[in-house]
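Everything below concerns the one structure shown next.
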Amino acid sequence: MLSKKRLIISRIANKGRCFRCYATKSDVGTIEIPFSNGTTIKFETGKYARFADAACVAELGNTAILSTVVSKAKQSSATFLPLVVDYRQKAAAAGRIPTNFLRRELGPTEREILTSRLIDRSLRPLFPSDYYFDTQIVCNMLAVDSTNPPETVAINAASAALALSDVPWNGPVGAVRVGQIDNEVIINPTRKDLKDSVLNLVVAATSRNLVVMMEGSAQDILQQDLLKAIKLGTKEAQHIVKGIEKLQKLHGKTKREYESPPGLPQEIVDGVSILSSMKIREILSDYTHDKMSRDNAISDLRQTVLNQLRETEADVTQLQDCFNANLKRIFRDMIFEQEIRCDGRHLDELRPISCQVSLYSPLHGSAVFQRGQTQVLCTVAFDSPDAALKMDTLTMLTSGIKEKSFFLHYEFPSYATGEVGRSSAPGRREAGHGALAERGLLALVPHLPYTVRLTAEVSLYSPLHGSAVFQRGQTQVLCTVAFDSPDAALKMDTLTMLTSGIKEKSFFLHYEFPSYATGEVGRSSAPGRREAGHGALAERGLLALVPHLPYTVRLTAEVLESNGSSSMASVCGGSLALMDAGVALTAPAAGVAIGLVSRPDDTGHVADYRILTDLLGIEDYMGDMDFKIAGSKKGITALQADIKISGLPLKIVMESIQKACDAKSKIIDIMNKCIDKPREGHKENMPVIEEMEVEVHKRAKLLGMGGANLKKLYVETGVQVTPIDDIKYNVFAPSQAAMDEARSRISAWLNTEKTPELEFGAIYKARVVEVKDIGVLVTLYSGMTPALVHNLQLDHRKIQHPSVLGLEVGSEIQVKYFGRDPVSGQVRLSRKVLTSPPPGIVKKLDKS
């Protein structure tokens, strides 16, 4: 079977004789599974990230999640399943750019942590109990629409990936979201539906209608309604399970054989039981023990047993595991035998509970809740609406929540269990427990007025502004383009500005290299030096070909598979993605890596050599050079040479560049078969930038009180309005629809009052509405904002107060209109020009 497939042998680091085979023949499989409500979820495998043990893309509507599974072949030293689940949201999936200073994804957000836990809890129970191999599941958001939440899509993608892999797992599972509107259960409700739903429940179940995970929130719904929802959700999940099973039969791998951890000899097991069983029963039957004393007693007994059996051949860890297994068995047996817990309570008996409120007067609210030996201190703080927890753009799109004016933060310090620990930022446990508690209260809290990611494909997912997959051999890169407003440009810090002369970047490329790209288990973390360097090289390869654009452009290059020269593949994929986004590149770009194998003479100089075009990973490792060159057919835009010998003759350098340019042209020819010119027209979700002019005197109507109008416009439509000069404004909208809505709103603000057109130089009758020391305030028509006629414009004579002219409130005077002040927008009026100057004021310049 393997002989029909292309293989690559990968040498594992520091394991000179250990090799791993990767089957890389394309085996693409797709299946679509309909739901009872008419929607369809699609699974696709064999296309992306093939160095992983398995990978699958799940799509619901225009929301797509790529899930990968990698599990080490060598058993870890742990006595538990070292499973890591990482769910990552990408701003590019929504056609946006992250709003942080670096304009790229940083550490996991709370939402990513919660979703990772959701996936973990849905999958972990189905792993064999003796499977102790490092396993990592990575769920990457490829695209997200404004309709379908991504959480259940991620669970199903991970379930399919595990089922397709050779990792031992007793799945699959299917997950659905259940809502309830007007007493009707809704399967996979949209975000709009969830606004009206009294239930938001995620259910994960296996093929035998067994629920493995549930999580949700509700607005105080009845028990029977919840049970109905769970039943229907479990039933609906069976469609997904059957579909994944069908996909697994067609495209899945045979589950790997693995050795269970060696057990202890039976005589040692019996010895542990004899030495500990009776004393364990005594400890568990002593109802005077509390948590600490009971734990100490068991710990002392464990150490005693280990000391007595230390002379045996058994490993200490094995002895501890044997003791713990015996403890667990006895603990469970005693509950079955006596129906009494270790603290003396019956099965349905509560622990003692006590409460206290109003602990400290400066606190808006405070309470201590104690149940047995569990104690929680809670405080409440009210603040202004501006203190609401603002959601980032992607969270707003995926959750439909713009801000939270009620939130609960959970803390679990080490001293709560009598342990020594490091004070640090809240982790996954805190985030999960806090979110659960928050949901439990949220429905009961009233509204308050305060804050309590050679073959190439383009246009992969419609929500993306531009997208492409570029594959060269076994190196595969997914590139996405996001346009955003000029305000999203990457701002440089002061030192960078001084040293580089660059104040900001409106085009930047971010390179990502996840561990599954080489079939390894790794930690998802912030980008390191390698990512930064490769990204900068690829960015330089494209920058010279990108025209000036009115937007900020972020290009993301995510390596899905890597067997050499992923940075140059990023240039190729980036060029395709930009053209898919409609960017009129000066010319298509491509990149290639050139290698060298040489033989030295007696002096160490190169005597013979071979130049290698388009390096493989092993060639890079074994060779003498990694020379990366990028550019168009016409020229070169970037290069980087990693030379591992003492130096290269110019002959080799020139020959390498020539070979790179030849290869580059061939690659561009292949790329042009996919897309040879920028996309004509705009996608529906393309950002729009327009300029508008607002007369100075109408500026206040546009801004609103304290800029309230523009703030509300941004929150509700995503449209940003920024001033260019006194009358010109830049309007950025994430889509044409948003621009149309913004235009309508702005027009309504500016045209709320129809004012007569005043003619320059015309004479009007004005009514005095207020007399001031410096002049009078007058109106020309009803509803007009009073305009000031200064004392200097009332009469040719210099006056100290308008009253000397007999002017008072209600007086009518004639004034001449001279337009508006170009800076302030105020009306300019004069009475003086309509009156004749006194004879004494007239001066003659002629002597005659």
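The sequence shown begins at 1 in full-length UniProt numbering and counts up one residue at a time.
Where a beta carbon is used, it is the ideal one built from N, C-alpha and C, also for glycine.
Bridge partner(s) assigned by DSSP for residue i
i	result
Ser-467	Thr-480
Ser-830	Lys-816
Asn-200	Gly-179, Ser-217
Phe-43	Ile-31, Ala-58
Arg-610	Val-597
Ser-71	Thr-135
Asp-86	Val-138
Asp-626	Gly-595, Asp-642
Val-789	Val-776
Leu-509	Leu-555
Ile-340	His-346
Lys-491	Glu-504
Val-771	Val-776
Ile-65	Ala-58, Met-141
Ala-590	Gly-631
Ala-205	Gly-174, Val-211
Cβ distance (whole Å) where residue i is taken to contact residue j below 8 Å
i	j	result
Arg-302	Gln-320	7 Å
Ile-813	Val-768	7 Å
Ala-738	Val-719	5 Å
Ile-187	Ser-197	About 12 Å; that fails the 8 Å criterion.
Val-571	Gly-595	Not quite, the Cβ-Cβ distance comes to about 17 Å (not below 8 Å), so this is no contact.
Tyr-763	Leu-834	One detail in the question is off: residue 763 reads as Ile in this sequence, not Tyr. At roughly 7 Å, the Cβ-Cβ gap stays under 8 Å, so Ile-763 and Leu-834 are in contact.
Short CB-CB distance (under 8 Å) between residue i and chain D
i	result
Asn-183	Any reference to chain D falls outside this structure, which holds one protein chain only.
Endpoints, beta strand (DSSP E) assigned at residue i
i	result
Ser-217	211 to 218
Glu-184	184 to 187
The alpha helix (DSSP H) enclosing residue i, as first and last residue numbers
i	result
Arg-797	Taken as a continuous stretch (DSSP letters only), Arg-797 belongs to no alpha helix (DSSP H), as it is neither H nor E.
Gly-233	223 to 251
Glu-693	Taken as a continuous stretch (DSSP letters only), Glu-693 belongs to no alpha helix (DSSP H), being part of the beta strand (DSSP E) at 688 to 693.
Asp-120	110 to 123
Lys-279	266 to 285
Leu-164	151 to 164
Glu-655	650 to 674
Met-292	291 to 308
residue 849	Residue coverage of the chain in this structure runs from 1 to 848, which leaves residue 849 outside it and unanswerable.
Residue i, buried or exposed, once every other Cβ within 10 Å from all chains shown has been counted against 16
i	result
Ile-280	buried
Ser-565	buried
Ile-629	buried
Tyr-287	exposed
Met-292	exposed
Phe-470	buried
Cys-18	Note that Cys-18 scores a pLDDT of 34, beneath 50, so its modelled location is shaky; the value from the coordinates is reported in the next line. Exposed, since its Cβ has fewer than 16 Cβ neighbours within 10 Å.
Leu-829	buried
Lys-505	buried
Gln-658	exposed
Arg-310	exposed
Gln-800	exposed
residue 875	The chain is shown from 1 up to 848; residue 875 falls before or after that span and cannot be answered.
Phe-686	The sequence shown places Met at residue 686, not Phe. Label assigned to Met-686: buried.
Lys-765	exposed
Arg-554	buried
Asn-296	exposed
Thr-317	exposed
Arg-88	buried
Lys-798	exposed
Pro-837	exposed
His-346	exposed
His-605	exposed
Arg-530	exposed
Check your understanding: Can you give, in chain order, each stretch of the beta strand (DSSP E) that sits fully within the segment 706 to 769 and has at least 3 residues?
Key -> With a minimum length of 3 residues, the unbroken runs of beta strand (DSSP E) contained wholly in the segment 706 to 769 fall at 720 to 723, 728 to 733.
Review point. Can you list the beta strand (DSSP E) stretches of 3 or more residues lying completely in the segment 513 to 579, in chain order?
Key: The segment 513 to 579 is shown to contain whole beta strand (DSSP E) runs of 3 or more residues at 552 to 561, in chain order.
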